[in-house]
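Number of protein chains: 2
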Amino acid sequence: MRVGQLAARTGLTTKTIRFYESAGVLPAPARRPSGYRDYDEGAVDRLAFVKAAQAAGLSLAEIREIITVRASSGAPCQHVLTLLDSHAADLDRRIAELTALRADVKRLRSRAGTLDPATCDPTTVCQVIPADGVARPVPTL
Amino acid sequence: MRVGQLAARTGLTTKTIRFYESAGVLPAPARRPSGYRDYDEGAVDRLAFVKAAQAAGLSLAEIREIITVRASSGAPCQHVLTLLDSHAADLDRRIAELTALRADVKRLRSRAGTLDPATCDPTTVCQVIPADGVARPVPTL
DNA sequence: CTTGACCTTCCAGCGCAGTGGAAGCCCTAG
DNA sequence: CTAGGGCTTCCACTGCGCTGGAAGGTCAAG
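Sequence order for the protein chains is X and H.
According to our numbering, the first sequence is numbered sequentially starting from 80.
According to our numbering, the second sequence is numbered sequentially starting from 80.
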């Protein structure tokens with residue numbers, strides 16, 4: 080099938096499919112004499128895998144890694160488990176950071192109700208956000 | 080003071096300070112005859128505000144907004160409150176997404192222990208990540 | 001006078017996952 | 001023959017907050 084039909088069947092755009100090929104997560108397909116890409120059913124499975132892996136939070140680089148391991152040394156199970164563990168740990172960290180940030184923001188917000196706009200000094204721009212209010216490093220949003 | 084000393088006093092780099100000027104969150108300072116930037120104490124306060132606002136999760140664009148409002152129409156309290164509220168709501172959403180993703184990842188991880196590597200089919204790349212496993216859209220990490 | 005630290009400007013690139021557009025070829029229907 | 005829809009390639013751009021480097025001016029110490 081041509082790229083348009085593959086796009087229709089996977090819900091991706093033709094742009095994205097060609098981009099995935101260049102990103103190394105979809106093998107370059109056969110070509111018709113015209114130069115058109117000619118995909119087999121395997122491409123549908125492959126794109127389903129890419130989508131699932133993305134939904135699990137893996138980057139295209141990590142997905143490419145998995146595919147490479149699979150192709151060169153068989154089942155990439157251990158590799159994938161390590162990835163999932165490290166992502167779960169990332170998520171734990173990120174969630175903790177965001178939760179702390181949310182607490183800070185809500186604290187600022189509720190403190191704001193007790194402030195008198197008249198006491199607001201232009202040099203500090205806005206007293207709702209005090210210079211010593213949140214000394215935390217900015218988490219990756 | 081010159082940019083290097085301002086950098087030393089704020090813990091930023093000279094690059095970052097000049098970048099902040101171009102981003103509109105730090106006013107252009109006076110210049111010495113040599114062309115060197117010459118900052119006053121206000122710059123230290125301003126950078127402290129920028130840091131605090133960043134730590135509260137505001138982007139440079141939002142910080143610039145606040146500064147503009149402050150300069151043109153006095154205390155930007157209401158504007159800032161709206162921003163904080165909307166950020167808190169964003170954080171709620173993001174945390175919920177990440178928490179759901181984490182649950183998915185951990186589910187995949189624990190399910191993986193029950194799988195036999197021998198049943199792993201190359202067309203699906205890796206059975207640890209099943210095509211129908213996580214149908215969730217990818218949240219912004 | 002020279003060295004070296006400091007400063008100036010401007011341009012480029014990072015990471016990430018695409019998206020947009022231009023110029024041009026292929027194929028079929030009318 | 002022409003219109004159109006699909007396909008090809010390539011290059012540029014998005015957002016965000018910087019960071020790196022090149023080419024050159026300034027200034028104080030030795």
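Note that beta-carbon positions come from the ideal geometry of N, C-alpha and C, so glycine has one too.
Treat the numbers as computed from the prediction; the structure is a model and nothing was measured.
{"query": "Could you tell me the boundaries of the alpha helix (DSSP H) in which H/G121 lies?", "result": "120-134"}
{"query": "According to DSSP, is H/R110 part of a helix, a strand, or is it coil?", "result": "strand"}
{"query": "Using beta carbons (cut-off 8 angstroms, strictly below), is X/A132 in contact with chain H?", "result": "yes"}
{"query": "Is X/E100 near the ligand NAP, judged by its Cβ being under 7 angstroms from some heavy atom?", "result": "For the structure depicted, the ligand NAP is absent and the ligand set is empty, with no information on it obtainable."}
{"query": "Can you grab the Cα-Cα spacing for the pair H/P201 / X/Y118, in whole Å?", "result": "17 angstroms"}
{"query": "Mind checking if H/A122 is an interface residue toward chain X, Cβ cutoff 8 angstroms exclusive?", "result": "no"}
{"query": "In the structure shown, what three-state DSSP assignment does X/R181 receive?", "result": "helix"}
{"query": "With a 10 Å radius around its C-beta and 16 neighbouring C-beta atoms as the bar for buried, classify X/Y115 as buried or exposed.", "result": "exposed"}
{"query": "Rounded to a whole number of angstroms, what is the C-alpha to C-alpha distance between H/F98 and X/E100?", "result": "37 angstroms"}
{"query": "Which residues, in chain order, does the stretch 133-155 of chain X contribute to contact with chain H at a C-beta distance below 7 angstroms?", "result": "Q133, A134, A135, G136, I145, I146, R149, A154, P155"}
{"query": "Measuring alpha carbon to alpha carbon, tell me which of H/T92, H/T178, H/D124 ends up nearest X/P209.", "result": "H/D124"}
{"query": "Can you give the beta carbon distance from X/A102 to X/L139, rounded, assuming they're within the 8 angstroms contact cut?", "result": "5 angstroms"}
{"query": "Return helix, strand or coil for X/R143, following the three-state DSSP convention.", "result": "helix"}
{"query": "Within this structure, are the beta carbons of X/A191 and X/V207 separated by less than 8 angstroms?", "result": "yes"}
{"query": "Report the option in H/S113, H/S165, H/R111 whose CA atom is closest to the CA atom of H/L137.", "result": "H/S165"}
{"query": "Return the CA-CA distance between X/G83 and X/T92, expressed in angstroms with no decimal places.", "result": "8 angstroms"}
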